[in-house]
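Protein chains in written order, with the numbering used here: chain H, 1 to 139; chain U, 1 to 139; chain B, 1 to 139; chain V, 1 to 139. Backbone N, C-alpha and C fix where the C-beta goes; we use that ideal spot for every residue, glycine too.
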């Protein structure tokens, strides 16, 4: 499954170079992740209430282009890997109407409990694991 | 008591106007508040661990001037009001070497428990109240 | 005219108190301001390209309630004052479905040129002034 | 050369997981980069005034641990690569007193002019190139 999120660049997200500050893209990835999880039938706030956290283990971002204030963008997100211990996402940011992404990123997340200890999601919360597995496989 | 905090403007804090984004000043006020509380002999993280929260009730900011990337600033903070239910702070931001503040602000905070219910701090945590009272009065 | 903007609270906008950080509301006000100006037939990025800046002169925020991750909100914005030298806006933030605002704010802006010198907008850019005047008066 | 920058985690930098939000580390890297460049005898704001920009081309971050509000950290930064077209940095974030980094990152930057066109720094600004080269080689 690929989920699409719509973003309009905020003034506060620009820097004195006149473009979106590079630290903002991971924030948009997170917005896209929230939408993705909502679309597979959960709310990430409920996942956390169930005691499951998804702290980042790694992040990478490629900046092929830049974006500007008021630009209208689409962030596409998909799951690229799922195990009992972690999950990985890929993000592609497009300027609306553009056919090449201006930005591509990846995040890897550990499944942990509230105390940031790694859990085996398949055992502790098989229903969440099943939903994510389905989301990864469906087209 | 007046506490002084030193801030250097970060690149990420600028916007496309080429100056510090206006939403950053409340973040600096908070840095100054943290330093202030540390200086009176506590850590705000310990205050929260004791179950006492200080959510904002109101904020006001006057922007008399602007600041830029790499500017070195001093934020002065003092308590202007303390009751069993709330506390108020005043902030003055100076460019180092300048004698007029470029920015002045105020925040008012409620004393609450973790569930955001207002508490009577004087009764529930008299030791924290006493420390704040002393900080307000000492020169 | 009152313009309405829709906001979903981002994870990055929360703090360790578990609620939206208080410095985020001015960022939402700015999103609402951008939408407002777009709705009256301009783009704020074009206003800036015309050499007109609107730096903040003052900001105030009242926090009557708090908001949380994934909360869906509406920000209402209107112009409360317009002169040749400055403009003021009022913002009301509602949780969707709620009838009382959880947050109310005001910003005052100076009309300046790129060098942050105050201009007389009515004389230098009467067409922008006229659009804002119409936006203030229309219901 | 390795430059060391001191950071205290701000309240606004935490999220509802109770730790520093992952998008904050690139902001600290930038603070460290600013200090690094200052230490080699320039100011990054002057580099930009000379018409030289250093937009990010890529970013990667490994989160081996987490950090919390009021944690005192040191960010070590060094140049790992320098060519006429780009420059790369490595960052290591340590909790003060700790001997293993809690976070490691890398950024790659293009040398561009104000219009974001890639330049050959060695030809257009040999003096800046020389300073960076010296900073990379000196221990």
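Same chain, Cβ closer than 7 Å to residue i, five either side skipped, listed in chain order
i, result
"residue 133 of chain U", "82"
"residue 109 of chain U", "54, 55, 56, 57, 86, 87"
"residue 125 of chain H", "50, 52"
"residue 60 of chain B", "105, 106"
Residue(s) in a DSSP beta bridge with residue i
i, result
"residue 95 of chain B", "B:73"
"residue 182 of chain U", "Chain U is shown from 1 up to 139; residue 182 of chain U falls before or after that span and cannot be answered."
"residue 20 of chain V", "V:14"
"residue 105 of chain U", "U:61, U:91"
"residue 53 of chain B", "B:112"
"residue 79 of chain B", "B:89"
"residue 3 of chain B", "B:77"
"residue 40 of chain V", "Per DSSP, none; premise fails for residue 40 of chain V."
"residue 164 of chain B", "Outside the shown range of chain B (1 to 139) lies residue 164 of chain B, about which nothing can therefore be said."
"residue 47 of chain U", "Answer is none; residue 47 of chain U lacks a bridge partner."
Chain U contact residues for residue i, given Cβ-Cβ distances below 7 Å
i, result
"residue 45 of chain V", "69, 70"
"residue 27 of chain B", "23"
Interface flag, residue i vs chain U, CB-CB below 8 Å
i, result
"residue 115 of chain V", "no"
C-beta neighbour in chain V for residue i, strict 8 Å
i, result
"residue 30 of chain U", "yes"
Neighbour list for residue i in chain U, Cβ cutoff strictly below 9 Å
i, result
"residue 11 of chain H", "15, 16, 17, 21"
Sequence-distant residues of its chain with Cβ nearer than 8 Å to residue i (five each side left out)
i, result
"residue 114 of chain B", "51, 53"
"residue 21 of chain H", "13, 14, 15"
"residue 67 of chain U", "9, 19, 20, 73, 93, 95, 102, 103"
"residue 70 of chain B", "8, 9"
"residue 116 of chain B", "53, 55"
"residue 118 of chain V", "85, 110, 111, 112"
"residue 131 of chain U", "40, 41, 42"
Cβ of residue i within 8 Å of any chain B Cβ
i, result
"residue 134 of chain U", "no"
C-beta neighbour in chain H for residue i, strict 8 Å
i, result
"residue 57 of chain B", "no"
"residue 53 of chain V", "yes"
"residue 129 of chain V", "no"
"residue 34 of chain B", "yes"
Contact list for residue i against chain B, beta-carbon separation under 9 Å
i, result
"residue 62 of chain U", "57, 58, 59"
Cut-off 6 Å between Cβ atoms - residues of its own chain near residue i, not counting five sequence neighbours on either side
i, result
"residue 138 of chain H", "1"
"residue 80 of chain H", "88, 90"
"residue 37 of chain U", "44"
"residue 84 of chain V", "120, 121, 122"
"residue 3 of chain V", "35, 36, 39, 77"
"residue 65 of chain U", "102"
"residue 62 of chain B", "104"
"residue 136 of chain B", "79, 82"
Residues within the stretch 79-101 of chain U neighbouring chain H, beta-carbon criterion of under 8 Å: Along the stretch 79-101 of chain U, there is no position whose C-beta sits under 8 Å from a C-beta of chain H.
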